[in-house]
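Residue numbers (this note's numbering), protein chains in the order written: chain D, 350 to 495; chain X, 182 to 333.
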């Protein structure tokens, strides 16, 4: 649910860029509820002194929370959130508090599967320095006009 | 010395039951900024064609992580020595068969599909776990592959 205009299957072509979305700045206070959900109180995500003693600039945002924003980039734009069919994500770099994440994608294949219109896309997430955080693939369906 | 991790290929982990708890979703939605009406009420979900209140697809990776972490033990099952080794998540692939609903119980069953060594700044093993998440009728809700990176 965001302001990006929705697309229909007929509008989309191979090589087309998906409308990007930007999230942030990331908030370290979000890491506490995420730790509760994940039942994972690793101090690397919560204790900045612990993180700095290990050579990191600050606490590390939990990987699933990075994925949350890549998913939102897709599902906020889709007509219905569960029009998503598949994701494949590789974790490339860490996210830290105050980072701003931009998610982008490109359509690589337009086809039908079992009569359903489908799109395969390359997707990625980068920080404010342009460094890749997540890279991967996504498959989803878009409705036909009429 | 740790046993050769390649011997793990084919190892089947015990099935784990995971309930998509209302409490977890209530905590998650505002943190994640997930505000679609289908995530908030049965009425909101029905308005866009779902039977009842669904979870955001973005929560599915959490289910996979949580379910699998309860299924195995890093030290016993993956021969990870906490004194000398570290572990992190690698690639994750998820394929959805249908929407996931608030309150439903899933059974997550994983098995080691592959193990291979890679050379980065230092050598590491990649352990690939293939898993299914089935519902209470035994039907597939989603499936996936989760890789774990274990530094030597």
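Virtual Cβ for every residue (Gly too), placed ideally from N, Cα, C.
Determine whether the beta carbon atoms of residue i and residue j lie at a separation below 8 Å.
| i | j | result |
| --- | --- | --- |
| residue 292/X | residue 194/X | yes |
| residue 408/D | residue 393/D | yes |
| residue 296/X | residue 190/X | yes |
| residue 474/D | residue 450/D | yes |
| residue 277/X | residue 458/D | no |
| residue 472/D | residue 462/D | no |
| residue 213/X | residue 237/X | yes |
| residue 305/X | residue 331/X | yes |
| residue 447/D | residue 374/D | yes |
Give the residues of chain D in contact with residue i, contact being defined as C-beta atoms less than 7 Å apart.
| i | result |
| --- | --- |
| residue 208/X | 382, 385, 386 |
| residue 280/X | 431 |
| residue 212/X | 379, 382, 383 |
| residue 246/X | 387, 413 |
| residue 238/X | 420, 424, 430, 431, 433 |
Can you find a CB in chain X that lies within less than 8 Å of the CB of residue i?
| i | result |
| --- | --- |
| residue 355/D | no |
| residue 434/D | yes |
| residue 451/D | no |
| residue 362/D | no |
| residue 417/D | yes |
Along chain X, in chain order, which residues have C-beta atoms closer than 7 Å to that of residue i?
| i | result |
| --- | --- |
| residue 412/D | 270 |
| residue 480/D | Under the 7 Å cutoff, chain X gives no residues; its nearest Cβ is about 17 Å from residue 480/D. |
| residue 490/D | Result: empty, since nearest Cβ-Cβ is about 11 Å, beyond 7 Å. |
Here's the rule: buried if 16 or more other CB atoms are within 10 angstroms of the residue's CB, otherwise exposed. What is residue i?
| i | result |
| --- | --- |
| residue 380/D | buried |
| residue 357/D | exposed |
| residue 391/D | exposed |
| residue 455/D | exposed |
| residue 215/X | buried |
| residue 309/X | buried |
Quick test of your reading: residue i and residue j, contact by CB under 8 Å. State the CB separation rounded to the nearest angstrom.
| i | j | result |
| --- | --- | --- |
| residue 255/X | residue 247/X | Incorrect: roughly 15 Å between the Cβ atoms, too far for contact. |
| residue 419/D | residue 483/D | 5 Å |
| residue 234/X | residue 223/X | 5 Å |
Under 9 Å Cβ-Cβ, which residues of chain X neighbour residue i?
| i | result |
| --- | --- |
| residue 438/D | 242, 272, 273, 274, 275 |
| residue 371/D | Per Cβ cutoff of 9 Å: no residues; residue 371/D is ~12 Å from chain X at best. |
Would residue i count as contacting chain D if we go by Cβ distances under 8 Å?
| i | result |
| --- | --- |
| residue 221/X | no |
| residue 230/X | yes |
| residue 235/X | yes |
| residue 285/X | no |
Going along chain D, which residues have a C-beta under 9 Å from residue i?
| i | result |
| --- | --- |
| residue 249/X | Chain D residues near residue 249/X: none, gap ~12 Å exceeds 9 Å. |
| residue 381/X | Since the displayed chain X opens at 182 and closes at 333, residue 381/X lies outside it and no answer follows. |
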